[in-house]
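In our numbering, the protein residues as written are 4 to 404.
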């Protein structure tokens, strides 16, 4: 959606996943001395996980090791075409695999993983959620903050905030028609895309400030910047230290219409995007090694301009939200997000989410009145655009170290 100059509106990302590296700027070491072996896990992530679980840091590391082993076994099952319907981490760190039937459950258990045969399963839940998406896209339900497939509860979870407009009533009626397959959670906050215009941002355009996302290359080998779509809604030229380095080329976000919060900008020759995620002085940098999606319940951290380095866990995938425009514009339904317990605030949009050293996505939005406490393990919630979906949609290959 284009806006006239008089009432120009931008959803600016003001968070960085590491510094944008122009020619001649060196990349940093990965959380340790240059002559030492890279650490397996970012120290602040270990500390945050330990605090969250009420265990020692050694026990937190052991849990991360266990998660990695279980994910490896699950990946092997999928490669062997065992009929599974997704997986999630339970509170005790056990990876629970949804098996399509009893025979598949036997194969899952034989691989050393926990298995269950759900009443509904991922396919049916995705179908129900798609119906709710279609209903919401007719008219954005202001009273429904988010709705998502939750594998752990085997339901589509609908979060409501108290508004009672006609679109909300229609949406909830449609949701309740699915019976126990839909779980309604009351008392949630309204959401907004988390983009402000703070001073000191590293990326500028048309008098506004923005942030830097992930670097990738397209099918022709051209370098691009991957970011939240609302950050480059009008496809502007982007500058670093006053010098242009990229130009927005594609976005799937448009205010007031059906949107997906992903976008890309072409990086100009002579510039590049860094391969290390900043922790804002908390513990060095985190190298980007890949983009393997972390299961629900995995440890997760993000870097953002406003709140710095904050950590939590992956919530659900396939999340849809209703974003309220604080400038008085129309509400916008955004689909295809993921939720998390990572705390964010306005200005964190575009910030990098990472689990271990696997890039997960970019900050999209969160509760309007949320305030983080300044600690790594700040309590809160947020929504992010999964990186792997953006890479697949645009046909990109992530730049890794």
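By construction, the Cβ of each residue, glycine as well, lies at the ideal position given by its N, Cα and C atoms.
Check                                                                                                                                                                     : Outcome
Got a sec, what are the start and stop residues for the beta strand (DSSP E) residue 154 sits in?                                                                         : Residue 154 -> no beta strand (DSSP E), and no H or E assigned at all.
To the nearest angstrom, how far is the alpha carbon of residue 247 from that of residue 241?                                                                             : 6 Å
Name the residue from 239, 57, 61 and 114 whose alpha carbon lies nearest to the alpha carbon of residue 77.                                                              : 114
Hey, how far is the Cα of residue 322 from the Cα of residue 57?                                                                                                          : 29 Å
Where does residue 395 land, buried or exposed, given buried means 16+ other C-beta within 10 angstroms?                                                                  : exposed
Quick one: what's got a C-beta closer than 7 Å to residue 166's C-beta in the same chain, skipping five residues either side?                                             : 145 and 146
Report the three-state DSSP secondary structure of residue 4 (helix, strand or coil).                                                                                     : With a pLDDT of only 30 at residue 4, under the threshold of 50, the placement of this residue in the model should not be trusted; the figure read from the coordinates follows. If DSSP states are grouped into helix, strand and coil, residue 4 belongs with coil.
Could you check which residue in 337, 389, 318 and 87 has the C-alpha nearest to that of residue 148?                                                                     : 337
Do you know offhand how far residue 407's Cα is from residue 107's?                                                                                                       : The chain is shown only over 4 to 404; residue 407 falls outside these bounds and no answer can be derived.
Mind checking residue 209: buried by the 16 CB within 10 Å criterion, or exposed?                                                                                         : exposed
Which value, in whole angstroms, describes the spacing of the CA atoms of residue 120 and residue 131?                                                                    : 19 Å
What do you get for residue 59, buried or exposed, if any count of 16 or more other CB atoms within 10 angstroms of its CB means buried?                                  : exposed
Using a Cβ-Cβ cut-off of 7 Å (strictly less than) and excluding sequence neighbours within five positions of residue 370, which residues of its own chain qualify?        : 192, 194 and 384
Beta-carbon of residue 341 versus every beta-carbon of chain C: anything under 7 Å?                                                                                       : The displayed structure is made up of one protein chain only, and chain C is not part of it.
In angstroms, rounded to a whole number, what distance separates the CA positions of residue 93 and residue 326?                                                          : 29 Å
Since I believe residue 347 is in contact with residue 307 (beta carbons under 8 Å), could you give me their beta-carbon distance rounded to a whole number of angstroms? : 6 Å
Figure out for me which residue from 128, 220, 187 and 196 has the closest Cα to the Cα of residue 398.                                                                   : 220
Please classify residue 239 as buried or exposed, where buried requires at least 16 neighbouring CB atoms within 10 angstroms.                                            : buried
How many angstroms separate the CA atom of residue 392 from the CA atom of residue 185?                                                                                   : 25 Å
Residues in its own chain within less than 6 Å of residue 226 by CB, not counting five upstream and five downstream?                                                      : 220 and 270
Are there 16 or more other CB atoms within 10 angstroms of the CB of residue 490, so buried, or fewer, so exposed?                                                        : The chain is shown only over 4 to 404; residue 490 falls outside these bounds and no answer can be derived.
Could you please give the first and the last residue of the uninterrupted alpha helix (DSSP H) stretch that includes residue 48?                                          : 46 to 56
In three-state terms, what does DSSP make of residue 131?                                                                                                                 : helix
What whole-angstrom Cβ distance do residue 293 and residue 263 have, given they're in contact under 8 Å?                                                                  : Not really, about 22 Å apart at Cβ, beyond 8 Å.
For residue 389 and residue 361, which I take to be in contact (beta-carbon distance under 8 Å), what is that distance rounded to the nearest angstrom?                   : That belief does not hold up - the Cβ atoms of residue 389 and residue 361 are roughly 12 Å apart, past 8 Å.
Output the residue ranges of the alpha helix (DSSP H) runs that lie fully inside the stretch 95 to 123 and measure 4 residues or longer, sorted by chain position.        : 105 to 113
Using 10 angstroms around the beta-carbon of residue 345, count the other beta-carbons present and answer buried if the total reaches 16, otherwise exposed.              : buried
Three-state secondary structure (DSSP) at residue 375?                                                                                                                    : coil
Would you mind reading off the limits of the beta strand (DSSP E) that contains residue 62?                                                                               : Here residue 62 belongs to no beta strand (DSSP E); instead the alpha helix (DSSP H) covers 60 to 82.
Would you mind stating whether residue 356 and residue 312 have Cβ atoms separated by less than 7 Å?                                                                      : no
How far does the alpha helix (DSSP H) with residue 390 in it reach, from first residue to last?                                                                           : 390 to 397
Alpha carbon to alpha carbon, what distance is there between residue 154 and residue 124?                                                                                 : 7 Å
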